[in-house]
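Under my numbering, think of the first position of the sequence shown as 5, with each following residue one higher. Yeah, the Cβ is synthetic: ideal placement off N, Cα and C, and Gly gets one too. Only a predicted model underlies this, so the values are computations on that prediction, with no experimental measurement involved. Written below as structure tokens is the structure these notes are about.
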Amino acid sequence: RKNSTQTTLLHVEQSGMEAFAIDQIFNRNDTLRVGNSELSKFFALSYDWSRVRRFNLNNALAIRLFGGIVTPFGDSEVVPFVKQYNAGGPNSVRAWRLYELGPGSFRDPRLDEPGNTQNVIQSGEVKLEANLEYRFDLFWRLKSALFIDAGNIWTLDDDADRPGSTISSDWYKQLAIGTGVGFRFDFTYFIFRVDVGWKARTPYENDNGKHWNLNSLSDFSKRSNRYTSIALGYPF
Numbered sequence: 005r006k007n008s009t010q011t012t013l014l015h016v017e018q019s020g021m022e023a024f025a026i027d028q029i030f031n032r033n034d035t036l037r038v039g040n041s042e043l044s045k046f047f048a049l050s051y052d053w054s055r056v057r058r059f060n061l062n063n064a065l066a067i068r069l070f071g072g073i074v075t076p077f078g079d080s081e082v083v084p085f086v087k088q089y090n091a092g093g094p095n096s097v098r099a100w101r102l103y104e105l106g107p108g109s110f111r112d113p114r115l116d117e118p119g120n121t122q123n124v125i126q127s128g129e130v131k132l133e134a135n136l137e138y139r140f141d142l143f144w145r146l147k148s149a150l151f152i153d154a155g156n157i158w159t160l161d162d163d164a165d166r167p168g169s170t171i172s173s174d175w176y177k178q179l180a181i182g183t184g185v186g187f188r189f190d191f192t193y194f195i196f197r198v199d200v201g202w203k204a205r206t207p208y209e210n211d212n213g214k215h216w217n218l219n220s221l222s223d224f225s226k227r228s229n230r231y232t233s234i235a236l237g238y239p240f
């Protein structure tokens, strides 16, 4: 068996470039439409690298790095939501719920409203992320992992409704860091995964005016500092 496996994915995507060029040459309309719908024009570039280093049959170290950017061009001012980046959830920074994290230092005030967290859906045009986990077997079909996730999303332009969302030279100060433990049930044909993550560092200030959350054992028991995600397969 190989001691390590490595995966590199470079993704390039564009939409509307050919139609935009034709429109500029022959039509020169301010807005290009297909039927009654405006054609979105954007360009996306992302890099996804991961490596799993196996020490033996029962222990491995896995690392992943991701960076991506998507931007509109031409007369398009926004990127379609489905093409924007999000952070949090079982395959991202696992201490945050999917769509909850970011952008930048912005924290959605609806997170403080009981029962309203499911309505929080955040996205951005830039994403940076790093994941590290130590995987090991426990017994029978049960495996475990200790992990650290770091990352965030940002917007390219200022957003008055989301102050602090724009990426800048201080982007590293807005990285969210989560740590936790995972349990994986290996049923041969699929892996059932449960990850419990704690918010070690928030990109926004907490109630004490600080970014680091886990300063005492009692901080680990706070529900606001913890999130449990359930998924199939490994996160990367």
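In the three-state DSSP reduction, R98 falls in the coil class, being neither helix nor strand.
N90 sits in coil when the DSSP states are folded into three classes, being neither helix nor strand. Apart from the 5 residues on each side of it in sequence, S19 sits with its Cβ closer than 7 Å to the Cβ of S44, K45, F46 in its chain, given in chain order.
For S19, the enclosing beta strand (DSSP E) starts and ends at 8–19. If one requires a minimum length of 4 residues, no alpha helix (DSSP H) run lies completely within the segment 40–68. Distance from the CA atom of W216 to the CA atom of N156, rounded to whole angstroms, is 16 Å. By the criterion of a C-beta distance shorter than 6 Å, K131 is surrounded in its chain by G72, Y89, I157, once the five residues flanking it on both sides are discounted. Across the set P167, G119, S225, the C-alpha of P167 shows the shortest separation from the C-alpha of P107.
In this structure the segment 112–122 does not lie against the segment 193–207, because fewer than three pairs of beta carbons, one per stretch, are closer than 8 Å. In the three-state scheme derived from DSSP, where H, G and I count as helix and E and B as strand, S233 is classed as strand.
Residue T206 holds the alpha-carbon nearest to the alpha-carbon of K214 among V124, L221, T206.
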